[in-house]
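Trainee: The following block contains the structure, expressed as structure tokens.
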Amino acid sequence: MMREVLYCQRRLLHGFQRKCYSTGAANLGAADMPKVYKPSDVEGEVLNKWKRHLSKKNDGDREKPVFRMLLPPPNVTGKLHLGHFLTLTVEDTIARWKLMTGLDVEWIPGFDHAGIATQSVVNRKMSKNQGTSALGENLKDFSTNNLDLIRKQLMASGALLNWGNEYYTLDKKHSQTVKEAFIQLFDDGLVRRADGIVNWSCALQTTVADIEVDNVSFEKKTSLRVPNYEHPIPFGVLYHVAYSMLDSDEKIIVATSRPETMFGDVALAVNKEDFRYAKFVGKQAINPLNGNTISIVADERVKRDFGTGVVKITPAHDKLDFAIGMSHQLKSINIFTPDGHLNEHCGDFQGIPRFLARKRVLEILNQKNAIIDEKGYSGSVGVCSRSGDVIEPRLVPHWFLHTQFLSSKLIQAIEDKSFLIVPENHARSLVHKLMESREWCLSRQIQWGHRIPAYYHLNHPDKWVAAADVQAATLKLEQKLGIKISDAAEVVQDKDVLDTWFSSALIPLGVSDWPNSENYKEVALMETGHDILLFWVWRMAILTLALVNRFPFRHVLLHGIVTDHFGRKMSKSKGNVIDPMHIIKGITYEELIQEAESSFAGGELDENEFSLRKLSLEKNHSEGFPVCGSDALRLALLSQNIFDQEITLDLNSLDSCKRFTNKLWQALRFLKLHSEPLEKDVSQSVVREGADLPSKWILACLYQFNKTCETTLNQAKFHLYAEAIRKFFYQELCDVYIELIKGELTNPEDKRRNILVMQYVFETGMKLAHPLIPFVTEEIWSYLKNDKTLSLLEQEFPSSREIEQFNDPVLIETMSKSMQFIREIRAVKKRSGWLSKEPPQVYIEMDKSLEKQLLNLNSTIGKLSGSNVQFGKYPAKEKASYGSFIVEIDGNVCKIHIPVLATIDKSINQSKLEKLKLKLIKLQQQYENPSFQQNAPPAAKEKLKKKVETLILQINESMQHQNPNHPA
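The sequence shown runs contiguously to residue 1551 in our numbering.
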């Protein structure tokens, strides 16, 4: 952890340590530029520039329209992971884009105290280190240290966060918001205290939220490790138990997976339409374990096809049983202690852990010949993600929030499109889940969190009030009970704390200074992972609606979950978590192991997590991580569709993304090398005037690039935005335009014209790419403007409308066909065995209409393919020295004729021939498919027909090369 803190501090101060860094204008010529782009040498300086820019912005006026976002608060349980960095990258890209479009961006950072998660880690650290400090003191120290570390990580990321508005869910201001919210909800009748079934962790001895429960599936009998048990516990077994009827010799067979809960049985139930058991309804059966008499009821919720069709009803330890018990006025018997041992209702079994009790119960039932059968079944069991303990459904008194009415308002807003969720499939999923919404359990039985502001009088434990403190509670209780309370000690506050999701759901209100201010500040966009749509976004929506009668936001953008290359969600329990800082700044394998060992020694990883972490590092990261820089990681993450359910970071793509940032750097070096000094400003009219064909094309590409950036950013299709950036700079500017103008730089007039065009295009491109790859574009901008103090954050995001004069779709299409020819000629040169450095004389035969379209581009095709290109057939006298290759260009069958100066490798040609034949068979099958012929549009059929014909020609061509005597 200390290593991380020192790095973050060093990175923030790095700019002041480099002597070459200037805070004013300087001569930043090509000779002053490093030969390669090294992010570690640049990012610290750029961070300081942005810091100065943001402080200057915050001192200015606030007359611009405000675009407000909330950064989902990281838990103070540890460092940021790759999932956090994805969120940060998406939102920072949006923030920079909005800032450059003229909006005042208010992107608010914060931190979540993460009640159960934090207390679990601290408990583990305390048991590991055996310290003498109290739990409360350890919790405060742990959370404070981690909060500082996370803050430094966020600052070092360069994200444009408004640190002046920072919050923490346990700070004084937010705590007041939480307290007042509970009081208002209580007074409005939305919060009530009642018994209910909750997810209970026996290991933690508290209720846990649904999101903290992992459902572990099984198809048959399966054994799972459970904390505090020496041996694995079997699951996935249905025990068929015979219950005798009270007034007859008949027996009724019950299927149960939890025989230890038979002490809590209060009834048996069958489906009311199940004729097999109709005669038993209303009668009584005898519990074979304890001899209690229980009734048999009929209920439509019993599944006839599960087990025997007869289930036992244990209302205190099953959600469905509790609901059935309420419908039939059945009592509830809680048979477990908070730590998962059987209690006083279980006779001689009292004090036995629940899963050991299962084994002994089965022994007793077998002795009584009550076990008729055992069968495996498929199902799932809930496991606490914090402790690894099997969840115990448990009936306990809790505070519950009514959600049905509030949820119905949200459903209505979603359906009438006044509340947008993107992607839309998540909106449909949320509506479906809210249709079945239950009450929200607010109580948690831990120390770390907001203590529930609810009070009762010692003599009236069932009469509660909600109040800000004991004094206010005393006044409310006096009024409620009609008594005078002389001793404040008689007024008792609930010992439980509020669910962490309750406090985090109030963040939109807290950052608006509610309840001190009625001026609610609406969030323009709520961006987060789709996995917490139900757990956080929904809760924010309904609480804000309940308290201020409006939604906190109207637009929700959801991204997928980061997984490893096996498609597994990253988590400590799997040992596959990746720290983004390791990718950005690099780390050796030995350092990774040392870090894991330190986390284990400090209690942050348990023994199983530590073992998995070491195994994962050895298997997947045995060479550590090389330095990639922030931009490479941002580009790699957002090159994937964030709307996918899962986002897998391909570590191999990181190197490609890093090379791309260096490609931009080399383009800058080329520009600076040929244009000292650069023009201060280049106007559209200057670059348009006298532009030759390559310049007109790159300007047309710039327009298309600009248009694509606007569209993709507006639609949050960042993968297409990333693709457009790489396409423009890689394929169009560097691979084509720069190559085309290299030969034109000897003539001063041509040089000036081409360099002006490149400068204009490059500068505009930097503005367009900046939101996604901010560090390299910012550094390049300093060199373009010869001034380290100028920032791209001060520039306007280019508008395609303003350069619409450059739009030339016909030229774009024509050049696209030229590029296809260039690729084909390069491939043909390789296949024909052309090894000479001299450019071959290439002839291209094509349709006359296509030839007319490409009439002025033969020199361009030749230059970029390393050939002398001529349209038409080669001279007859050259036939013996030429080979012909058939290619397809946008559905046009063309022939490329090239001198064959070397023998073609027949083994390679044979391999190609086999591939072509297989492809032909598939295409012919598709073309001849009756369904295709009947349903496909004529254009599609014609296109496929041309592909088949071209393949046949290519096969004949290959066979001719393989066997010159083969008839063409």
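Where a beta carbon is used, it is the ideal one built from N, C-alpha and C, also for glycine.
CB-CB under 8 Å to Ile-1035, same chain, minus the five flanking residues each way: which ones, in chain order?
Mentor: Phe-765, Trp-982, Leu-1025, Ser-1026, Gln-1076, Asp-1077, Asp-1079, Val-1080 and Leu-1081
Trainee: Taking the runs of the alpha helix (DSSP H) that are 4 residues or longer, which of them lie wholly in the segment 1031-1110?
Mentor: Inside the segment 1031-1110, DSSP marks whole alpha helix (DSSP H) runs of 4 or more residues at positions 1053-1064, 1083-1088 and 1090-1093, from first to last along the chain.
Trainee: When burial is assigned at 16 or more other CB atoms within 10 Å of the CB, is Pro-1550 buried or exposed?
Mentor: With a pLDDT of 43 at Pro-1550, under the threshold of 50, the modelled position of this residue cannot be trusted, and the question is left open.
Trainee: Which residues mark the beginning and the end of the alpha helix (DSSP H) in which Ala-764 is found?
Mentor: 755-770
Trainee: Between the alpha carbons of Gln-1509 and Ile-1538, how many angstroms are there, rounded?
Mentor: Taking the CA atoms as reference points, Gln-1509 sits about 18 Å from Ile-1538.
Trainee: Please check the pair Gln-1287 and Ile-1167, which I expect to be a contact at CB under 8 Å, by giving their CB distance rounded to whole angstroms.
Mentor: For a cut-off of 8 Å, the C-beta gap from Gln-1287 to Ile-1167 is around 32 Å, too long to register as a contact.
Trainee: Judging by CA-CA distance, which residue of Glu-1385, Ala-1050, Leu-1232 and Ser-1450 is the nearest neighbour of Arg-1409?
Mentor: Residue Ser-1450 is the option with its Cα nearest to Arg-1409.
Trainee: Excluding the 5 residues preceding and the 5 following Ser-605 in the sequence, name in chain order all residues of the same chain whose CB lies nearer than 6 Å to its CB.
Mentor: Note on Ser-605: pLDDT 37, under 50, position unreliable in the model; the coordinate value appears next. Excluding positions up to five away in sequence, the list reads Lys-1371.
Trainee: Under three-state DSSP, which class holds Thr-1127?
Mentor: The answer is helix: DSSP assigns Thr-1127 an H, G or I state.
Trainee: How would you write the range of the beta strand (DSSP E) that Phe-1515 sits in, first residue to last?
Mentor: Counting along the chain, Phe-1515 falls outside any beta strand (DSSP E), though it belongs to the alpha helix (DSSP H) covering 1513-1518.
Trainee: Could you give the first and the last residue of the continuous alpha helix (DSSP H) run that contains Thr-1397?
Mentor: 1392-1414
Trainee: Across the segment 972-990 and the segment 854-864, are there enough close Cβ pairs to call them in contact, namely three or more that are closer than 8 Å?
Mentor: no
Trainee: Taking the straight line between their C-alpha atoms, what separation do you get for Glu-1187 and Asn-1297?
Mentor: 41 Å
Trainee: Does DSSP put Lys-1478 in a helix, in a strand, or in coil?
Mentor: strand
Trainee: Quick one: what's got a C-beta closer than 6 Å to Ser-1278's C-beta in the same chain, skipping five residues either side?
Mentor: Val-1340
Trainee: Between the alpha carbons of Pro-842 and Tyr-822, how many angstroms are there, rounded?
Mentor: 8 Å
Trainee: Less than 7 Å between C-beta atoms, sequence neighbours within five positions excluded: which residues of the same chain meet that for Lys-855?
Mentor: Ala-881, Asp-882 and Glu-883
Trainee: So the alpha helix (DSSP H) Gln-736 belongs to, where does it begin and stop?
Mentor: Note, Gln-736: alpha helix (DSSP H), 718-740.
Trainee: Take Phe-1404 and list the residues in its own chain whose beta-carbon comes closer than 7 Å to its own, dropping the five residues that flank it on each side.
Mentor: Residues of the same chain with a CB within less than 7 Å of the CB of Phe-1404, apart from the 5 flanking positions on each side, are Ile-1427, Ile-1444 and Ile-1472 in chain order.
Trainee: Can you tell me whether Met-1018 is buried or exposed, with buried defined as 16 or more other CB within 10 angstroms of its CB?
Mentor: exposed
Trainee: If contact is defined by three or more beta carbon pairs under 8 Å, each pair taking one atom from either stretch, is the segment 1085-1102 in contact with the segment 1122-1130?
Mentor: yes
Trainee: Quick one: residues in its chain with C-beta nearer than 7 Å to the C-beta of Ser-970, no 5 flanking neighbours on either side, listed in chain order?
Mentor: Ser-703, Ser-784, Ala-786, Leu-787 and Pro-810
Trainee: Looking at Pro-622: is its Cβ nearer than 8 Å to the Cβ of Gly-1212?
Mentor: yes
Trainee: DSSP on Asn-1226, reduced to helix/strand/coil?
Mentor: A quick correction: the sequence has Phe, not Asn, at residue 1226. Coil, per DSSP.
Trainee: Beta strand (DSSP E) containing Ser-850: first to last residue?
Mentor: Checking the displayed sequence, the identity of residue 850 turns out to be Ala instead of Ser. Per DSSP, Ala-850 belongs to the beta strand (DSSP E) from 850-853.
Trainee: Can you give me the C-alpha to C-alpha distance between Lys-711 and Ser-1181, rounded to a whole angstrom?
Mentor: 12 Å
Trainee: Under 8 Å: do the segment 724-739 and the segment 684-696 share three or more Cβ pairs, one atom per stretch?
Mentor: yes
Trainee: By the three-class DSSP mapping on this structure, what secondary structure does Ser-878 have?
Mentor: Of the three classes helix, strand and coil, the one that applies to Ser-878 here is strand, per DSSP.
Trainee: So, are the CB atoms of Gly-965 and Asn-782 less than 8 Å apart?
Mentor: Asn-782 sits close to Gly-965, with the two beta carbons spaced by under 8 Å.
Trainee: Leaving out the 5 sequence neighbours to the left and right, which residues in its chain are closer than 7 Å to Ala-1283 when beta-carbon positions are compared?
Mentor: Phe-1389, Asn-1390, Asp-1391, Leu-1394 and Ile-1395
Trainee: Looking only at its chain, what residues have a beta carbon closer than 6 Å to the beta carbon of Ile-955, apart from the 5 residues adjacent to it on each side?
Mentor: His-823, Ala-825 and Ile-836
Trainee: Out of Trp-633, Ala-742, His-1040 and Lys-662, which has the shortest C-alpha to C-alpha gap to Thr-672?
Mentor: Ala-742
Trainee: Can you name, in chain order, every residue of its own chain whose Cβ lies under 8 Å from the Cβ of Thr-1397, other than the five neighbours on each side?
Mentor: Gln-1436, Leu-1437 and Leu-1440
Trainee: Report the rounded CA-to-CA distance for Val-1048 versus Leu-1060, giving the unit in angstroms.
Mentor: 7 Å
Trainee: With 16 as the cutoff for other CB atoms within 10 Å, does Glu-1332 come out buried or exposed?
Mentor: Glu-1332 is exposed by the Cβ-count criterion.
Trainee: Can you grab the Cα-Cα spacing for the pair Leu-753 / Arg-776, in whole Å?
Mentor: Rounded to whole angstroms, the gap between the alpha carbons of Leu-753 and Arg-776 is 24 Å.
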